[in-house]
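Shown next, in structure tokens, is the structure this report addresses.
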């Protein structure tokens, strides 16, 4: 009996998206995260396949950090597992079949990940691990609303507002592109949930773009920080920005850094010292001076170690610092071993000392 070969030369290229994903995972996920997940499914049509996250970011018109944030989100949701090399570099992605709901996934954690199919598909990737993100929310503060709290009906209603129509147009001019649904929803969230005026949102976007940040995630981070700080007008935002910008450069100068602007990680640390810890500038400058004296170079990490230590010891002013220094010297002196007396026995002075009267010897020699 001869074998028959079945062929389909006109097979259409199709990416299958699970209904479970659409029903249980997609509604709560950020639009950018969904885009990354769908792109992974599309890539799996030729699995196993290798690619760089830089290529994926370029393809999706976003940054590598945006892609990594999406991957870590889906990893936490149980839809994939990230694999790392011993030196903490992302080297592989294993996709799992969607099952249950994303809410159950977040609460059960390991239980969801245990539902891995027998033969998961793998994607090899090459990228640096994402840098940790500093938390901006203060302990004990009231949690801010989320963008997902806007209903479709409310979004349609807001889009009829003349101020919103104008604001969305201006946002597209600043960002240099047509707004995605996610970006549009974020801007509406600033207006409706964070209670920011259209003028303030316009200044917010202008401020972020002027710092070469067009990502809606960066813009949202700044918006949440302003909401926490109680900024409600453009003048308040400008005052806050100018005040802290001046402080930033004062701190950089105290560390011996000149001729450049602070980077985001440095700004995050300085915001912690100024806003979270509430330290005065003279305390921060003192910590910077001690950093340079001890290390011989500018080190934000060393300065942060000094200031976090002062925070734990409830330092509020320079008098408190002087008191800590005095206490440290006293404790150090009490632990220091006593110096041996010059007459105490040692290996060079371990015999019975004799006492001589040199005046008497001199008289005897003269009388001879």
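Residue numbers (this note's numbering): 335 to 702. Where a beta carbon is used, it is the ideal one built from N, C-alpha and C, also for glycine. None of the values given here were measured: they were computed from a predicted structure.
Leaving out five residues on either side along the sequence, give the residues of the same chain with a beta carbon under 6 Å from the beta carbon of residue i.
i: residue 415; result: 428
i: residue 352; result: 432
i: residue 348; result: none
i: residue 705; result: Because the chain spans 335 through 702 in this model, residue 705 falls outside it and cannot be assessed.
i: residue 548; result: 509
i: residue 543; result: 508
i: residue 712; result: An answer regarding residue 712 cannot be provided, because it is not within the stretch 335 to 702 covered by the chain.
i: residue 606; result: none
i: residue 568; result: 533, 534 and 537
With 16 as the cutoff for other CB atoms within 10 Å, does residue i come out buried or exposed?
i: residue 637; result: buried
i: residue 407; result: buried
i: residue 519; result: buried
i: residue 617; result: buried
i: residue 657; result: exposed
i: residue 604; result: buried
i: residue 400; result: buried
i: residue 313; result: Given a span of 335 to 702 for the chain in the structure shown, any question on residue 313 remains unanswerable.
i: residue 359; result: buried
i: residue 662; result: exposed
i: residue 363; result: buried
i: residue 667; result: exposed
i: residue 404; result: buried
i: residue 356; result: exposed
Could you name the residues of the same chain whose beta carbon sits closer than 8 Å to that of residue i, not counting the 5 residues immediately before and after it, in chain order?
i: residue 750; result: The structure shown has nothing for residue 750, since the chain only spans 335 to 702.
i: residue 655; result: 617, 620, 644 and 649
i: residue 592; result: 586
i: residue 391; result: 397, 398, 400 and 401
i: residue 628; result: 636
i: residue 374; result: 414, 427, 429 and 457
i: residue 580; result: none
i: residue 499; result: 493
Counting along the chain, where does the alpha helix (DSSP H) carrying residue i start and finish?
i: residue 425; result: Not the alpha helix (DSSP H): residue 425 falls in the beta strand (DSSP E), residues 424-429.
i: residue 542; result: 532-544
i: residue 607; result: No alpha helix (DSSP H) contains residue 607, which DSSP labels as neither H nor E.
i: residue 513; result: From DSSP, residue 513 is part of no alpha helix (DSSP H); its letter is neither H nor E.
i: residue 390; result: 387-394
i: residue 657; result: 652-669
i: residue 355; result: No alpha helix (DSSP H) holds residue 355; DSSP gives it neither H nor E.
i: residue 631; result: Note, residue 631: premise wrong, no alpha helix (DSSP H); not H, not E.
i: residue 370; result: 365-377
i: residue 406; result: 398-411
My understanding is that residue i touches residue j, with C-beta atoms under 8 Å, so please give their C-beta distance in whole angstroms.
i: residue 506; j: residue 550; result: About 12 Å separates the two Cβ atoms, so there is no contact after all.
i: residue 565; j: residue 622; result: Their Cβ separation, rounded to whole angstroms, is 28 Å, which puts residue 565 and residue 622 out of contact at 8 Å.
i: residue 484; j: residue 513; result: Their Cβ separation, rounded to whole angstroms, is 15 Å, which puts residue 484 and residue 513 out of contact at 8 Å.
i: residue 501; j: residue 536; result: 6 Å
i: residue 649; j: residue 589; result: Residue 649 to residue 589, Cβ: 19 Å. No contact.
i: residue 608; j: residue 578; result: 7 Å
i: residue 563; j: residue 574; result: 7 Å
Which same chain residues end up closer than 7 Å to residue i when comparing Cβ atoms and leaving out the 5 residues on each side of it in sequence?
i: residue 624; result: 640
i: residue 444; result: For residue 444, the predicted structure reports a pLDDT of 39, less than 50, and the residue's modelled location is therefore unreliable. The matter cannot be settled from this model.
i: residue 582; result: 596, 601 and 604
i: residue 576; result: none
i: residue 633; result: 625
Give a single yes or no on whether residue i has its beta carbon closer than 7 Å to a heavy atom of the ligand COA.
i: residue 487; result: Ligands are entirely absent from the displayed structure, and the ligand COA is therefore not among its contents.
How far does the beta strand (DSSP E) with residue i in it extend, from its first residue to its last?
i: residue 416; result: 414-418
Would you be able to state if there are at least three C-beta pairs under 8 Å between the segment 491-507 and the segment 524-533? The answer is yes - the segment 491-507 touches the segment 524-533, with three or more Cβ pairs under 8 Å.
Contact the segment 359-371 vs the segment 395-414: 3+ CB pairs below 8 Å: yes
Closer than 8 Å is the cut-off here; do at least three beta carbon pairs connect the segment 639-655 with the segment 613-623? yes
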